[in-house]
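Peer 1:
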Amino acid sequence: WNGKRYLGAYADVGEGPKIVATAPADEIFRASMRLVNKSLLFGLLIVTLAFLLSSRVARSLTRPLSTLVEATKSVARGKFSSDLSVRSNDEVGELAVSFNSMASSLDALQKRLVESERHAAIGQVARGVGHEFGNILMRVLGKIDLALLDTEEPKTRAHLETAIQAIERAKIILQNLRSYSKTGVSAGEGARS
């Protein structure tokens, strides 16, 4: 019409006249392009917001897990006193509470193991010292017995008898020391099993 292209539409409204709408084609195409561009911008905005929101949610989920992984590595290096401070009411929070309990138990076990090893080392030293001291006492007792055979003087014999009593007392102390060393070694061996 008049050298311009038009697009038209009509609707049949029953027995009356038909409604016809027309508009220049280039205006309709411009309007449809604006609608497409606005739709693309709106879609891009939605995708961007969804990406930002999902990355924030992902970080809030992975941060406690990263903290848990670091604490696990710390425990693997032998540092049992690390205390996780993950504050969430989900499975990760429960895992953090369980991890803290486990780390505390491992710390207590390590302290007991160190104490048992210390007792075992003391027992081993006591056993070695007791053995050497026992050998010395036996040699001294043997020499006193020989001296008793060689002397008839009552005063010397009385001194030698006193020395034998002192050695007998030392043997009782030595026996107690050996008992302790066996108990200390047993406790240390039990801790290692």
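The opening residue of the sequence shown carries number 140 in my numbering; numbering runs sequentially from there. Beta carbons: idealized from backbone N, C-alpha and C, even for Gly.
Would you list the residues sitting across from Ala148 in a DSSP beta bridge?
Peer 2: In the DSSP output, where bridge partners are listed per residue, Ala148 has Ala160.
Peer 1: Just how far apart, CA to CA, sit Leu234 and Arg251?
Peer 2: Those two C-alpha atoms are separated by around 25 angstroms.
Peer 1: Do Gly142 and Ala160 come within 8 angstroms of each other at the CB atom, strictly closer than that value?
Peer 2: No, they are not a contact pair.
Peer 1: For chain E, is any of its Cβ atoms less than 8 angstroms away from the one on His298?
Peer 2: The structure shown contains no chain E; it is built from a single protein chain.
Peer 1: Between Ile283 and Ile303, how many whole angstroms is the CB-CB distance? I'm expecting something under 8 angstroms.
Peer 2: Indeed, because the Cβ distance is near 6 angstroms, the residues count as touching under 8 angstroms.
Peer 1: Does Ala223 pass the burial test, meaning 16 or more other C-beta atoms within 10 Å, or should it be called exposed?
Peer 2: Ala is not the amino acid found at residue 223; the sequence shown has Leu there. Its Cβ being crowded by 16 or more others within 10 Å, Leu223 is buried.
Peer 1: Taking DSSP as the reference, what is the three-state secondary structure of Gly262?
Peer 2: It is helical.
Peer 1: Between the Cα of Glu271 and the Cα atoms of Ala305, Phe168, Lys310, Ala189, which residue gives the shortest distance?
Peer 2: Nearest of Ala305, Phe168, Lys310, Ala189 to Glu271, Cα basis: Lys310.
Peer 1: Looking at C-alpha atoms only, which residue of Tyr145, Ala150, Gly182 is the closest neighbour of Glu166?
Peer 2: Checking every option, the nearest Cα to that of Glu166 belongs to Tyr145.
Peer 1: Confirm, please, whether the CB-CB distance from Leu245 to Val268 is below 8 angstroms.
Peer 2: The answer is no: Cβ separation not under 8 angstroms.
Peer 1: Beta carbon of Phe238, beta carbon of Leu207: below 8 angstroms?
Peer 2: Result yes, Cβ atoms of Phe238 and Leu207 sit closer than 8 angstroms.
Peer 1: What three-state label does DSSP hand Phe219 in the structure shown?
Peer 2: Coil, per DSSP.
Peer 1: Please work out which residues of its chain come closer than 8 angstroms, Cβ to Cβ, to Thr290, disregarding the five sequence neighbours upstream and downstream, and give them in chain order.
Peer 2: Cβ neighbours of Thr290 beyond the five flanking positions: Arg296, Leu299.
Peer 1: Could you check the C-alpha separation between Ala330 and Gln263 for me, to the nearest Å?
Peer 2: Any reading at Ala330 must be qualified, since the residue scores a pLDDT of 41, below 50, and its modelled position is unreliable; the value itself is stated next. Whole-angstrom Cα-Cα distance: 15 angstroms.
Peer 1: With burial defined as no fewer than 16 other Cβ atoms inside 10 Å of the residue's Cβ, what is the status of Pro203: buried or exposed?
Peer 2: Flag for Pro203 reads buried.
Peer 1: Taking just the CA atoms, how far does Arg198 sit from Ser255?
Peer 2: One C-alpha to the other measures close to 45 angstroms.
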